[in-house]
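Shown next, in structure tokens, is the structure this report addresses.
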Amino acid sequence: MIEDEAPQLHDPHETWWKVPLAASLPGLPLLAWEFSLFQADGYTSGINRLILTGFCLFAIAWLLPHRQSQRTLRTAISCTALVFAVLPLTLALLLTAAMASG
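Position in the sequence shown (from 1) plus 25 gives the number in my numbering.
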């Protein structure tokens, strides 16, 4: 038997938590702040749907099975959730800059 075998895709992934944690540390507080800021618009507005989708994506990234085969999916979902967290703030800053310039 060879000792230097490559890890199988169904093997447990020891560092599965690093990517969701790196995305959640800045993303979750930002989403919570944006939700409290934009909740006056109602739960059905587009920006609140984006924020709630970000919360759901963070939950999915943490709840995926802890296998090596799920690493790419977990990374993609965590990065998408972080983009959903940063996007409303970016849009608000762009709108503020546009209103102040003219």
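C-beta atoms are modelled at their ideal positions from N, C-alpha and C, and glycine is treated no differently.
Q: Rank Phe63, Ser126, Leu120, Ala84 by C-alpha distance to the C-alpha of cysteine 104 and give the top, closest one.
A: As a position in the sequence shown, residue 104 is number 79, starting the count at 1. It is Ala84 whose Cα lies nearest to the Cα of cysteine 104.
Q. In three-state terms, what does DSSP make of proline 37?
A. Position 12 of the sequence shown, counted from the start, is the residue given in the question as residue 37. Reduced to three states, the DSSP call for proline 37 is strand.
**Q.** Exposure of glycine 71, with buried meaning 16 or more beta-carbon neighbours within 10 Å
**A.** Working through the sequence shown from its first residue, we reach residue 71 at position 46. So glycine 71 counts as exposed.
Q. Which two residues bound the contiguous alpha helix (DSSP H) that contains arginine 96?
A. In the sequence shown, the residue the question calls residue 96 occupies position 71. Where arginine 96 is concerned, the enclosing alpha helix (DSSP H) stretches over 96-126.
**Q.** Run of the alpha helix (DSSP H) containing serine 61, from where it starts to where it stops
**A.** Locating residue 61 in the sequence shown gives position 36, counting from the first residue. 43-63 is the span of the alpha helix (DSSP H), which, as asked, contains serine 61.
Q. Taking buried to mean at least 16 other C-beta atoms within 10 Å of its own C-beta, is glycine 12 buried or exposed?
A. Residue numbering for the chain in the displayed model covers 26 to 127; residue 12 lies beyond these limits and cannot be assessed.
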